[in-house]
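Chemist:
2 protein chains.
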Amino acid sequence: MMNRLAARMKELKAPVVVGLDPMLSYIPEGIKRKAFAAYGETLEGAAEAVWQYNKGLVDQIYDLVPAVKPQIAMYEQFGIPGLSVYKKTIDYCHEKGLIVVGDIKRGDIGSTSGAYAQAHLGEVKVGENTFAPFGEDISTVNPYLGTDGVKPFIDVCRSFGKGIFVLVKTSNPSSGEFQDRLIDGRPLYEWVGEKVAAWGEEVRDGKYSPVGAVVGATYPEMGEVLRRLMPHTMILVPGYGAQGGKAEDLAPYFDADGSGAIVNSSRGIIAAYRQEKYASFGEENYAEAARQAALDMITDIRGAVPALQ
Amino acid sequence: MMNRLAARMKELKAPVVVGLDPMLSYIPEGIKRKAFAAYGETLEGAAEAVWQYNKGLVDQIYDLVPAVKPQIAMYEQFGIPGLSVYKKTIDYCHEKGLIVVGDIKRGDIGSTSGAYAQAHLGEVKVGENTFAPFGEDISTVNPYLGTDGVKPFIDVCRSFGKGIFVLVKTSNPSSGEFQDRLIDGRPLYEWVGEKVAAWGEEVRDGKYSPVGAVVGATYPEMGEVLRRLMPHTMILVPGYGAQGGKAEDLAPYFDADGSGAIVNSSRGIIAAYRQEKYASFGEENYAEAARQAALDMITDIRGAVPALQ
Numbered sequence: 019m020m021n022r023l024a025a026r027m028k029e030l031k032a033p034v035v036v037g038l039d040p041m042l043s044y045i046p047e048g049i050k051r052k053a054f055a056a057y058g059e060t061l062e063g064a065a066e067a068v069w070q071y072n073k074g075l076v077d078q079i080y081d082l083v084p085a086v087k088p089q090i091a092m093y094e095q096f097g098i099p100g101l102s103v104y105k106k107t108i109d110y111c112h113e114k115g116l117i118v119v120g121d122i123k124r125g126d127i128g129s130t131s132g133a134y135a136q137a138h139l140g141e142v143k144v145g146e147n148t149f150a151p152f153g154e155d156i157s158t159v160n161p162y163l164g165t166d167g168v169k170p171f172i173d174v175c176r177s178f179g180k181g182i183f184v185l186v187k188t189s190n191p192s193s194g195e196f197q198d199r200l201i202d203g204r205p206l207y208e209w210v211g212e213k214v215a216a217w218g219e220e221v222r223d224g225k226y227s228p229v230g231a232v233v234g235a236t237y238p239e240m241g242e243v244l245r246r247l248m249p250h251t252m253i254l255v256p257g258y259g260a261q262g263g264k265a266e267d268l269a270p271y272f273d274a275d276g277s278g279a280i281v282n283s284s285r286g287i288i289a290a291y292r293q294e295k296y297a298s299f300g301e302e303n304y305a306e307a308a309r310q311a312a313l314d315m316i317t318d319i320r321g322a323v324p325a326l327q
Numbered sequence: 019m020m021n022r023l024a025a026r027m028k029e030l031k032a033p034v035v036v037g038l039d040p041m042l043s044y045i046p047e048g049i050k051r052k053a054f055a056a057y058g059e060t061l062e063g064a065a066e067a068v069w070q071y072n073k074g075l076v077d078q079i080y081d082l083v084p085a086v087k088p089q090i091a092m093y094e095q096f097g098i099p100g101l102s103v104y105k106k107t108i109d110y111c112h113e114k115g116l117i118v119v120g121d122i123k124r125g126d127i128g129s130t131s132g133a134y135a136q137a138h139l140g141e142v143k144v145g146e147n148t149f150a151p152f153g154e155d156i157s158t159v160n161p162y163l164g165t166d167g168v169k170p171f172i173d174v175c176r177s178f179g180k181g182i183f184v185l186v187k188t189s190n191p192s193s194g195e196f197q198d199r200l201i202d203g204r205p206l207y208e209w210v211g212e213k214v215a216a217w218g219e220e221v222r223d224g225k226y227s228p229v230g231a232v233v234g235a236t237y238p239e240m241g242e243v244l245r246r247l248m249p250h251t252m253i254l255v256p257g258y259g260a261q262g263g264k265a266e267d268l269a270p271y272f273d274a275d276g277s278g279a280i281v282n283s284s285r286g287i288i289a290a291y292r293q294e295k296y297a298s299f300g301e302e303n304y305a306e307a308a309r310q311a312a313l314d315m316i317t318d319i320r321g322a323v324p325a326l327q
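The listed protein sequences derive, respectively, from chains A and B. One gets the working numbering by counting positions in the first sequence from 1 and adding 18 to each. One gets the working numbering by counting positions in the second sequence from 1 and adding 18 to each.
This is the structure we're talking about:
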């Protein structure tokens, strides 16, 4: 899956993933009004609004970018109806040819991690039948529990041709509290990065292993070190735009041929219409504003990565 | 919530939580047959079997223990129908007076962690209405992202009188890969434990703060250190029984008055009928076997903690 992602990024010259992280406050009033009229001001109503909003966004961006990254928390907050729309969004993105990165940050031990992996990337057996409950192509995974927590995901990746992005260095301000602490003179995130590279090497089949890494755009000097430490690892880079990461800092995350990293933007694209720069689109044209913001982001990233010019 | 949990543990003299982690393979054939007859060999059928199995278990143990801990991965593996039964199980346990610890191990940053916290411990607003999408009393949280990831959960705990258990030292064999690495001469789990104590102190109202810790039964010497480091922290102790943790090792996790720690057992109780010791109950009396196993576990723990004798 990581090599398929790399190929599609190259084809589109767009190492960009759009975060489908719908806050109710981002959704245009017109969409909410309609959804609430049909389902009331309920979890079902909120989920319907999210679905219509997502559909509009996906229709406008599916030909520009290789992948989307729905953040499951934004769906889970609306309970079962929200999670149903998470699944519906995944299916719709697949219809449109997009690769889907489930930003689920799950991680547990043994059979429990196995259950998460089956739910999201693999299949579950019920009697004589098998089902893919959520069916993402790639998911994010938390490494705090060590190999026991990650290995079941890797096994499922191997069986089903899927991928994972393991949290290595996250983009948030307090990520350093634990991740930057020095162990034998080197920060924890480097030790995690080395594990990611080693886990991946065991199952690699192609330039990139199925085991990718999350490295925030907000820490470019660490991105540079981690790129070197993990030569066959696809890097998912959150934190561009709204969180402060700039394109000119991102070159070190990429390989010399312009592959190896994919940059996420969520609200910078999906809620672009709320920015002054795109305000002229108006709320009702939120999806067209998102398309323009995605195009601008692609141009911005291309400008910063010599091999993409 | 942690002080309510402590009070109920004391009342029952049972610092025990039953893990409701239903694997399909644990569920008696008779229950599965009925569920599949009604819903087919589908996700709905599997979820129905889980629900009937859980109901039987809860009916037999609700008067013995203060709390249950459903592991959401075991429900998530059956997709939307599975998650609906997760919610149904929470509601049923509440009807029976049990405190519900959602073993969700979520953790993200900022508004995303906030969305998880609202989904599981708080409320979400839709128009003029508010909903508690899952409604657990306490949830487990992953600390890898630092304060940004945990703080939104603590804010929700404060608003809604709920609690969290932060992963400090997990019970699995590879937990040491990162958690035991030395930082300035002390293992990472101690630094995380100190943070847990500090986060909790800011919001403490009573003997125990709303911010608890997960410390595996399989590492008793670490449990002893962490108990001292976190004097107002309720400790959730997984790993007893099936994973190898023994009652005699657990005394150091408790305060001198016999409070401060709650020990989890999952398959050792819910699938007791599959053990030689309880085989005479037979598959159809799986719930009675679970009751006996819970009673035996309570006796075992009481025997190891002087203040509970």
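We treat Cβ as the ideally placed atom computed from N, Cα and C, and that holds for glycine. Computed from a predicted structure; not experimentally measured.
So ASP121 of chain A is in the beta strand (DSSP E); what residue range does that whole segment cover?
Modeler: Stepping through the first sequence from its first residue, residue 121 of chain A is reached at position 103. It spans 117-124 - the beta strand (DSSP E) in which ASP121 of chain A sits, taken as one unbroken run.
Chemist: Could you give the distance in angstroms between the alpha-carbon of ASN282 of chain A and the alpha-carbon of GLY37 of chain A?
Modeler: For this step, residue 282 of chain A is matched to residue 264 along the first sequence. For this step, residue 37 of chain A is matched to residue 19 along the first sequence. The straight-line gap from Cα to Cα measures roughly 6 Å.
Chemist: Apart from the five residues just before and just after GLU62 of chain B, which ones in its own chain have a Cβ nearer than 7 Å to its Cβ?
Modeler: For the purposes of this step, residue 62 of chain B is identified with residue 44 of the second sequence, where counting begins at 1. Closer than 7 Å at the Cβ level, and outside the excluded window around GLU62 of chain B, lie PRO99.
Chemist: Would PRO33 of chain B pass as a contact of ALA279 of chain B if the rule is Cβ separation under 8 Å?
Modeler: Residue mapping note: residue 33 of chain B aligns to position 15 of the second sequence, counting from 1. Residue mapping note: residue 279 of chain B aligns to position 261 of the second sequence, counting from 1. Taking 8 Å as the Cβ cut-off, PRO33 of chain B and ALA279 of chain B qualify as a contacting pair.
Chemist: Per DSSP, what kind of secondary structure is ASN147 of chain A in: helix, strand or coil?
Modeler: The sequence position of residue 147 of chain A within the first sequence is 129, counting from 1. Strand, per DSSP.
Chemist: Taking Cβ positions, are GLY128 of chain A and ASP166 of chain A nearer each other than 8 Å?
Modeler: In the first sequence, the residue the question calls residue 128 of chain A occupies position 110. In the first sequence, the residue the question calls residue 166 of chain A occupies position 148. For GLY128 of chain A and ASP166 of chain A, yes; Cβs fall inside 8 Å.
Chemist: Could you check what DSSP says for ASN282 of chain B in three-state terms: helix, strand or coil?
Modeler: Taking the second sequence and counting its residues from 1, one reaches residue 282 of chain B at position 264. Three-state DSSP puts ASN282 of chain B in a strand.
Chemist: Using a C-beta to C-beta distance shorter than 7 Å, which residues of chain B count as neighbours of ALA322 of chain A?
Modeler: Indexing the first sequence from 1 puts residue 322 of chain A at position 304. None at all; the shortest Cβ gap to chain B is about 24 Å.
Chemist: Please confirm if the region 222-238 of chain B is in contact with the region 250-267 of chain B, defined as three or more CB-CB distances below 8 Å between the two stretches.
Modeler: Because the criterion of three Cβ pairs below 8 Å is met, the region 222-238 of chain B and the region 250-267 of chain B touch.
Chemist: When you compare the region 202-217 of chain A with the region 248-256 of chain A, are there three or more beta-carbon pairs, one atom per stretch, that lie closer than 8 Å?
Modeler: Yes: the two stretches touch, three or more of their Cβ pairs being nearer than 8 Å.
Chemist: CA-CA distance, MET20 of chain A and ALA311 of chain B?
Modeler: Taking the first sequence and counting its residues from 1, the one referred to as residue 20 of chain A is at position 2. Taking the second sequence and counting its residues from 1, the one referred to as residue 311 of chain B is at position 293. The alpha-carbon atoms of MET20 of chain A and ALA311 of chain B are separated by roughly 47 Å.
Chemist: Kindly say whether LYS87 of chain A, judged by its beta-carbon, lies nearer than 8 Å to any beta-carbon of chain B.
Modeler: The residue labelled residue 87 of chain A in the question sits at position 69 within the first sequence. No, LYS87 of chain A lies away from the interface with chain B (no Cβ there is under 8 Å from its Cβ).
Chemist: Return the CA-CA distance between LEU75 of chain B and ILE45 of chain A, expressed in angstroms with no decimal places.
Modeler: Here the question's residue 75 of chain B lines up with position 57 in the second sequence. Here the question's residue 45 of chain A lines up with position 27 in the first sequence. Whole-angstrom Cα-Cα distance: 43 Å.
Chemist: Are the region 138-157 of chain B and the region 166-184 of chain B touching by the rule of at least three beta carbon pairs closer than 8 Å?
Modeler: Touching, per the Cβ criterion.
Chemist: Whose C-alpha, out of B:LYS295, B:ILE288 and B:GLN327, is nearest the C-alpha of ILE79 of chain B?
Modeler: For the purposes of this step, residue 79 of chain B is taken as the residue at position 61 of the second sequence. The option with the nearest alpha carbon to ILE79 of chain B is B:ILE288.
Chemist: Kindly identify the DSSP beta-bridge partner or partners of SER157 of chain A.
Modeler: In the first sequence, residue 157 of chain A corresponds to position 139, counting from 1. Beta-bridge pairing links SER157 of chain A to A:GLY120 and A:ILE182.
Chemist: Check whether the Cβ atoms of ALA133 of chain B and GLN95 of chain A sit closer than 8 Å, and answer yes or no.
Modeler: Here residue 133 of chain B is taken as the residue at index 115 of the second sequence, counted from 1. Here residue 95 of chain A is taken as the residue at index 77 of the first sequence, counted from 1. Yes, Cβ-Cβ distance for ALA133 of chain B and GLN95 of chain A is below 8 Å.
Chemist: Closer than 8 Å, CB to CB, is PRO238 of chain B near chain A or not?
Modeler: Taking the second sequence and counting its residues from 1, one reaches residue 238 of chain B at position 220. Not closer than 8 Å to any Cβ of chain A, the Cβ of PRO238 of chain B fails to qualify, so no.
Chemist: Among residues of its own chain, excluding the 5 on either side of LYS225 of chain A, which ones have a beta-carbon nearer than 8 Å to its beta-carbon?
Modeler: For this step, residue 225 of chain A is matched to residue 207 along the first sequence. So the qualifying residues of the chain are ASN21, ALA24, HIS250 and SER277.
Chemist: At the 8 Å Cβ level, is PRO151 of chain B part of the contact set with chain A, yes or no?
Modeler: Your numbering for residue 151 of chain B matches position 133 in the second sequence. Output row for PRO151 of chain B: interface = yes.
Chemist: Beta-carbon of GLU59 of chain B versus every beta-carbon of chain A: anything under 8 Å?
Modeler: One-based indexing of the second sequence puts residue 59 of chain B at position 41. With 8 Å as the cut-off, GLU59 of chain B counts as an interface residue toward chain A.
Chemist: Buried or exposed: GLU43 of chain B, going by 16 or more other Cβ atoms within 10 Å of its Cβ?
Modeler: By 1-based counting over the second sequence, the position of residue 43 of chain B is 25. Going by the sequence as given, residue 43 of chain B is Ser instead of Glu. Exposed: under 16 other Cβ atoms inside 10 Å.
Chemist: Nearest CA to the CA of VAL174 of chain B: which residue from B:LEU244, B:ASP155 and B:GLN261?
Modeler: Along the second sequence, read from residue 1 onward, the residue named residue 174 of chain B stands at position 156. When each option's Cα is compared against that of VAL174 of chain B, the closest is B:ASP155.
Chemist: In whole angstroms, give me the CA-to-CA distance for ARG51 of chain B and ASN303 of chain B.
Modeler: Here residue 51 of chain B refers to the residue found at position 33 of the second sequence. Here residue 303 of chain B refers to the residue found at position 285 of the second sequence. Looking at the two C-alpha atoms, the distance is approximately 16 Å.
Chemist: Note down the Cα distance separating VAL221 of chain B from VAL159 of chain B, rounded to an integer number of angstroms.
Modeler: For this step, residue 221 of chain B is matched to residue 203 along the second sequence. For this step, residue 159 of chain B is matched to residue 141 along the second sequence. Roughly 17 Å separates the two Cα atoms.
Chemist: For the region 209-225 of chain B, which residues have a CB atom closer than 9 Å to at least one CB atom of chain A, in sequence order?
Modeler: So the close ones are TRP209, VAL210 and LYS213.
Chemist: Would you kindly report the start and end of the unbroken beta strand (DSSP E) that includes ILE127 of chain A?
Modeler: Numbered from 1 along the first sequence, position 109 holds the residue referred to as residue 127 of chain A. Careful: ILE127 of chain A lies outside any beta strand (DSSP E) and carries neither H nor E.
Chemist: List the endpoints of the continuous alpha helix (DSSP H) containing GLY74 of chain B.
Modeler: As a working note, residue 74 of chain B is residue 56 in the second sequence. First-last of the alpha helix (DSSP H) with GLY74 of chain B: 61-79.
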